[in-house]
Amino acid sequence: MSIAGIALTRASYNTALTLKLVEQHQDARIIADAVQAHVNGLVREMLLTVRVKGVDSLEPKDQRQVLVELLAWQSQFSDLAWLDNTGSERVHVSRNRAYDVTEYGSRADLPEFQGPLASAAPWFGPVGIDPQTAEPLMAVAVPALDSRTGVVTGVLVARLRMKAMWDMVAGFNIGDPDLIYIADPSGLVVAHPNPAMVLRGTRAVLPTQDGVNVGLAGNSVLSASTPLLAGSRQFIVVAEEPVTDALALPRETALTALAIIAAALVAALAMAVLVGRAMVNPLQRLATIAGQIAAGDLTRRAEDNGRRDEIGELARAFNSMTTRLGDSVATLEISVKQRTHELSTAQARLVEAIENVSEGFVLCDAEDNVVLTNRKFRDFFPEIAHLVVPGKPFHDVIEAAAQRGLACDVNDSPETWIAQRELLRANQIPHVQHLSSGRWLLVNERRTNSGQLVDIYTDITDLKVVEEELRSAKAQAESAAQAKADFLAAMSHELRTPLNAVIGFSDTMLSGVFGELGNERYRGYVEDIHNSGMHLLALINDILDISKIEAGAMSVDCQPVALNKVVQRALSMTHDSATANGLQLDTTLPDDLPLVAGDDRRLLQIILNLLSNAVKFTPEGGRIAIHAQADGNEVVLQVTDSGIGIKPEDIPRALQAFGQIDSTRSRRFPGTGLGLPLSRRLVELHGGSLSITSAPGMGTTVTVRLRAAEIKNSA
Numbered sequence: 011m012s013i014a015g016i017a018l019t020r021a022s023y024n025t026a027l028t029l030k031l032v033e034q035h036q037d038a039r040i041i042a043d044a045v046q047a048h049v050n051g052l053v054r055e056m057l058l059t060v061r062v063k064g065v066d067s068l069e070p071k072d073q074r075q076v077l078v079e080l081l082a083w084q085s086q087f088s089d090l091a092w093l094d095n096t097g098s099e100r101v102h103v104s105r106n107r108a109y110d111v112t113e114y115g116s117r118a119d120l121p122e123f124q125g126p127l128a129s130a131a132p133w134f135g136p137v138g139i140d141p142q143t144a145e146p147l148m149a150v151a152v153p154a155l156d157s158r159t160g161v162v163t164g165v166l167v168a169r170l171r172m173k174a175m176w177d178m179v180a181g182f183n184i185g186d187p188d189l190i191y192i193a194d195p196s197g198l199v200v201a202h203p204n205p206a207m208v209l210r211g212t213r214a215v216l217p218t219q220d221g222v223n224v225g226l227a228g229n230s231v232l233s234a235s236t237p238l239l240a241g242s243r244q245f246i247v248v249a250e251e252p253v254t255d256a257l258a259l260p261r262e263t264a265l266t267a268l269a270i271i272a273a274a275l276v277a278a279l280a281m282a283v284l285v286g287r288a289m290v291n292p293l294q295r296l297a298t299i300a301g302q303i304a305a306g307d308l309t310r311r312a313e314d315n316g317r318r319d320e321i322g323e324l325a326r327a328f329n330s331m332t333t334r335l336g337d338s339v340a341t342l343e344i345s346v347k348q349r350t351h352e353l354s355t356a357q358a359r360l361v362e363a364i365e366n367v368s369e370g371f372v373l374c375d376a377e378d379n380v381v382l383t384n385r386k387f388r389d390f391f392p393e394i395a396h397l398v399v400p401g402k403p404f405h406d407v408i409e410a411a412a413q414r415g416l417a418c419d420v421n422d423s424p425e426t427w428i429a430q431r432e433l434l435r436a437n438q439i440p441h442v443q444h445l446s447s448g449r450w451l452l453v454n455e456r457r458t459n460s461g462q463l464v465d466i467y468t469d470i471t472d473l474k475v476v477e478e479e480l481r482s483a484k485a486q487a488e489s490a491a492q493a494k495a496d497f498l499a500a501m502s503h504e505l506r507t508p509l510n511a512v513i514g515f516s517d518t519m520l521s522g523v524f525g526e527l528g529n530e531r532y533r534g535y536v537e538d539i540h541n542s543g544m545h546l547l548a549l550i551n552d553i554l555d556i557s558k559i560e561a562g563a564m565s566v567d568c569q570p571v572a573l574n575k576v577v578q579r580a581l582s583m584t585h586d587s588a589t590a591n592g593l594q595l596d597t598t599l600p601d602d603l604p605l606v607a608g609d610d611r612r613l614l615q616i617i618l619n620l621l622s623n624a625v626k627f628t629p630e631g632g633r634i635a636i637h638a639q640a641d642g643n644e645v646v647l648q649v650t651d652s653g654i655g656i657k658p659e660d661i662p663r664a665l666q667a668f669g670q671i672d673s674t675r676s677r678r679f680p681g682t683g684l685g686l687p688l689s690r691r692l693v694e695l696h697g698g699s700l701s702i703t704s705a706p707g708m709g710t711t712v713t714v715r716l717r718a719a720e721i722k723n724s725a
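Just so you know, we're using the working numbering here: the sequence shown kicks off at 11 and counts up by one.
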């Protein structure tokens with residue numbers, strides 16, 4: 011009888027211990043599920059903000075507005091920062107302080123940027139302590155991905171506050187003898203009913219198994235724990251109660267049972283049946299009910315039958331514990347339903363955003379079955395829209411498109427078209443589809459980390475139309491340029507032949523080879539004929555040079571050239587006309603001026619054009635100065651006159667071929683307007699530059715910059 015009593019006492023004790031551990035483990039699991047759902051919801055909110063708002067494409071002020079709104083709407087974010095695709099901080103908003111742009115820096119080498127950059131997925135950092143509030147924070151970063159290439163275009167970084175975990179733990183501990191807290195793998199307590207325990211940086215000795223362990227206060231406790239996965243970071247939820255409290259009732263019951271056993275041994279064997287009926291049966295029923303509750307049936311209750319003994323106390327305590335557990339589960343279910351509703355709302359917003367984007371969208375699962383499409387995709391393919399339903403293999407959609415000839419090139423070989431389409435899709439190669447409806451689509455496909463495949467269809471019909479128009483315009487321009495070149499070649503031959511005769515005969519007449527002209531007026535007429543012919547020949551040569559340059563047919567033979575000598579030749583050729591107009595010519599040409607890399611004949615043509623312009627537009631008594639100097643690896647030549655000048659806004663027109671600034675000027679100073687444009691083009695062929703500085707009544711300065719020649723020493 012004593013052995014049976016001891017066995018019954020031990021069974022009662024073990025049953026109470028098991029029930030307590032079951033209760034603690036369920037409490038810890040409920041908290042873990044709630045916290046995990048909470049963190050996942052915050053991450054979804056960040057992803058939704060990045061994708062729907064298009065943060066990577068916004069200006070910094072608009073990016074800041076989006077982050078401020080998210081910070082105001084979601085109190086669990088301590089601060090938010092936006093990093094561009096180089097890791098540079100563009101926006102930073104916080105609840106604790108205002109950040110100035112000058113405080114922004116680069117986070118390119120930090121894990122919060124490298125993590126999402128490498129994985130193209132959300133990244134979760136370890137728990138850190140806010141130096142201002144001593145509150146534990148967890149870093150979370152989500153990437154923004156280019157919808158076409160899948161390249162990371164930016165990263166949204168947030169510091170998650172642990173206060174929501176505090177509230178969950180504190181709410182669950184109300185009226186519950188168990189102490190529930192959350193710690194990271196190092197033992198740092200991040201959530202506790204008493205915030206001071208968290209803010210002090212308390213560390214716990216984490217239990218390795220359920221049962222009797224060392225408690226948070228260093229005392230002996232009965233505890234159970236369960237892992238909590240917040241993103242990719244693991245935490246541990248611990249439910250504990252001092253052993254003296256947790257096992258007080260079973261211990262008292264055991265002592266009472268032992269006392270009863272001792273009394274029963276002294277009494278009579280007849281009492282064994284009564285004791286068995288009074289104690290064993292209720293304990294067995296209690297153990298059965300405990301198993302049913304552990305299986306999830308929280309409606310079960312132990313019968314105490316109004317007993318006032320230890321069995322009755324145990325039954326009532328058991329029922330009280332079950333009631334509290336049911337209330338806690340009900341409260342948590344309400345919280346889970348609320349969070350589920352919030353997640354459903356966020357998902358609905360995401361689906362609505364996808365439904366209304368301007369690109370066609372298709373999402374397939376890992377087995378390539380359709381999960382979701384949007385209105386734009388169905389508009390692109392109305393003939394097969396009824397086939398694109400959830401669960402439909404996308405291969406069937408491709409076959410249906412081929413059978414209906416929806417693509418322009420499908421009729422040549424539907425089987426080949428299907429095979430090519432499947433190959434492009436399998437390798438996620440961007441490609442263009444030309445539909446039989448005339449529409450052009452750019453298709454980008456990308457597989458997610460979970461194995462799903464996202465297809466984005468972008469309408470590029472307008473771009474294709476513009477491309478075709480540009481191609482046609484280019485062909486027309488090339489045809490016109492060829493016609494122009496042919497015309498100028500023909501005209502140059504047709505004009506030069508008689509012009510050479512005019513110049514030659516007039517020169518013969520002026521030289522008096524066959525005798526002097528009888529009348530001086532005839533000589534003047536012949537001189538006019540000769541000068542006009544030379545002017546016309548120079549004009550034809552300028553036009554041909556401009557045409558060759560525009561056609562890319564002109565080249566220069568760059569050799570080391572002494573610019574001083576070229577300038578002196580040009581001065582001697584323009585000296586008579588300058589003197590005739592009463593102009594003063596000044597030169598500043600250093601003897602040690604470096605050689606320039608240039609074509610001697612073309613350099614002379616450039617300087618003659620500049621001097622001729624200066625002579626033409628400088629009134630009598632004016633001054634023309636030529637100055638040259640070395641400037642680094644360049645030689646600078648300046649031609650300055652005291653002429654009528656040019657308005658600054660008219661200078662670009664003066665550098666255009668045939669560009670006369672106004673009709674009044676063209677009547678006063680006749681010419682084709684080719685001198686400056688041709689000189690500029692010739693200078694550019696030498697790898698140099700030509701610029702003009704001028705103002706009305708202040709004269710004009712033309713600056714030419716040429717490369718200095720590289721002289722190689724002979725060995």
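Just so you know, even glycine gets a beta-carbon here, dropped at the ideal spot from N, CA and C.
Quick caveat: nothing in here was measured; it's all calculated off a predicted structure.
Quick check on DSSP: helix, strand or coil for R169? DSSP places R169 in strand when its eight states are reduced to three.
Work out the CA separation of L31 and S335 for me, nearest whole Å. The sequence given here has Leu at residue 335, not Ser. Their backbone Cα atoms lie some 13 Å apart in a straight line.
Coil, strand or helix - N623 by DSSP: Note: N623 maps to helix in three-state DSSP.
Do P292 and A327 come within 8 Å of each other at the CB atom, strictly closer than that value? Not closer than 8 Å, so no.
Once you ignore the five residues that flank V253 on each side, which residues in its own chain have a CB closer than 7 Å to its CB? Excluding sequence positions up to five before and after V253, its CB lies within less than 7 Å of the CB of V222, S230, V231, L232, all in the same chain and listed in chain order.
First through last residue of the alpha helix (DSSP H) which encompasses N574: Judged by DSSP secondary structure, N574 falls within the alpha helix (DSSP H) whose first and last residues are 573-590.
Name the two residues that bound the continuous alpha helix (DSSP H) containing H441. Here H441 belongs to no alpha helix (DSSP H); instead the beta strand (DSSP E) covers 441-444.
Assign F497 to one of two classes, buried (16 or more other C-beta atoms within 10 Å of its C-beta) or exposed (fewer than that). With fewer than 16 Cβ atoms within 10 Å of its Cβ, F497 is classed as exposed.
May I ask which residues mark the beginning and end of the beta strand (DSSP E) holding M148? Run containing M148: 146-155, per the beta strand (DSSP E) assignment.
With 16 other CB atoms within 10 Å as the buried threshold, where does G225 fall? With a threshold of 16 other beta carbon atoms within 10 Å, G225 meets it and is buried.
Using a Cβ-Cβ cut-off of 8 Å (strictly less than) and excluding sequence neighbours within five positions of Q462, which residues of its own chain qualify? Counting only Cβ-Cβ distances below 8 Å, and skipping sequence neighbours, we find L373, C374, D375, A376, V381.
Assumed close pair R457, Q430 - CB separation to whole angstroms, cut-off 8 Å: About 19 Å separates the beta carbon of R457 from that of Q430, a gap too long to meet the 8 Å contact definition.
The stretch 549-562 / the stretch 586-602 touching (three or more Cβ pairs under 8 Å): With the rule of 3 Cβ pairs closer than 8 Å, the stretch 549-562 does not count as touching the stretch 586-602.
Using a threshold of 8 Å, state whether the C-beta atoms of V512 and G562 are closer than that. Their beta carbons are not under 8 Å apart, which means V512 does not touch G562 by this criterion.
Quick check: T713 and G653, are their CB atoms within less than 8 Å of each other? One thing to note: T713 has its Cβ no nearer than 8 Å to the Cβ of G653.
Rounded to whole angstroms, how far is the Cβ of L509 from the Cβ of L546, which I believe are closer than 8 Å? The Cβ separation is near 6 Å, so the contact holds.
Cutoff 8 Å; reference L52; Cβ partners in own chain excluding five residues on either side: Around L52: Q84, Q86, F87, V150, A168, L170.
Where do the N-terminal and C-terminal ends of the alpha helix (DSSP H) with I556 fall, by residue? 530-560 is the extent of the alpha helix (DSSP H) around I556.
Looking at C-beta atoms only, is the number of pairs between the stretch 64-84 and the stretch 200-213 that lie closer than 8 Å three or more? Touching, no, given that fewer than three Cβ pairs across the two stretches are closer than 8 Å.
If I'm right that I408 touches N384 with Cβ under 8 Å, what's the distance once you round it to whole angstroms? In this structure, I408 and N384 do not form a Cβ contact; the two beta carbons are roughly 18 Å apart against a cut-off of 8 Å.
Starting from the Cα of D140, find the closest Cα among E113, R107, P153 and give me that residue. Nearest C-alpha to D140: R107.
When the Cα of T143 is compared with those of A206, G514, P706, which residue comes out closest? Nearest C-alpha to T143: A206.
Assigned secondary structure, R675 (DSSP; H/G/I helix, E/B strand, else coil): Because the pLDDT of R675 is 49, which lies under 50, any placement of that residue in the model is unreliable, and the number read from its coordinates should be weighed accordingly. The three-state reading of DSSP puts R675 in helix, counting H, G and I together.
Please report the residue range of the alpha helix (DSSP H) in which F404 lies. First-last of the alpha helix (DSSP H) with F404: 404-413.
Looking at R213: is its Cβ nearer than 8 Å to the Cβ of G197? Against a cut-off of 8 Å, the Cβ pair of G197 and R213 comes out as a contact.
Tell me which same chain residues have a C-beta within less than 6 Å of the C-beta of L68, skipping the five on either side of it? Short of 6 Å from the beta carbon of L68, and not among the five residues preceding or following it, lies no beta carbon of its own chain.
My output table needs one value for L120: the three-state DSSP class, helix, strand or coil. DSSP, read as helix, strand or coil, puts L120 in coil.
Assign E251 to one of three DSSP states: helix, strand, or coil. The three-state secondary structure of E251, taken from DSSP, is strand.
Please check if any C-beta of chain C sits within less than 8 Å of the C-beta of P195. This model lacks chain C altogether; it includes just one protein chain.
Taking the CB atoms as reference points, tell me whether V693 and I616 lie closer together than 8 Å. The Cβ atoms of V693 and I616 lie closer than 8 Å to each other.
Contact between the stretch 96-104 and the stretch 112-128: three or more CB pairs below 8 Å? As far as the Cβ criterion goes, the stretch 96-104 touches the stretch 112-128, which means the pair count is three or higher.
If you drop the 5 nearest sequence neighbours on each side, which residues of the same chain put their C-beta closer than 6 Å to that of P424? These residues qualify, in order along the chain: A412.
When burial is assigned at 16 or more other CB atoms within 10 Å of the CB, is P132 buried or exposed? By the 16-neighbour rule on beta-carbons within 10 angstroms, P132 is buried.
Taking the straight line between their C-alpha atoms, what separation do you get for A105 and A249? Note on identity: in this sequence residue 105 is Arg, with Ala being the wrong assignment. The alpha-carbon atoms of R105 and A249 are separated by roughly 32 Å.
Provide the residue span of the alpha helix (DSSP H) that contains L353, from first to last. Counting along the chain, the alpha helix (DSSP H) containing L353 begins and ends at 320-365.
Which residue's Cα is closest to the Cα of A130: Q578, D110, V152, G655? The shortest C-alpha separation from A130 is found at V152.
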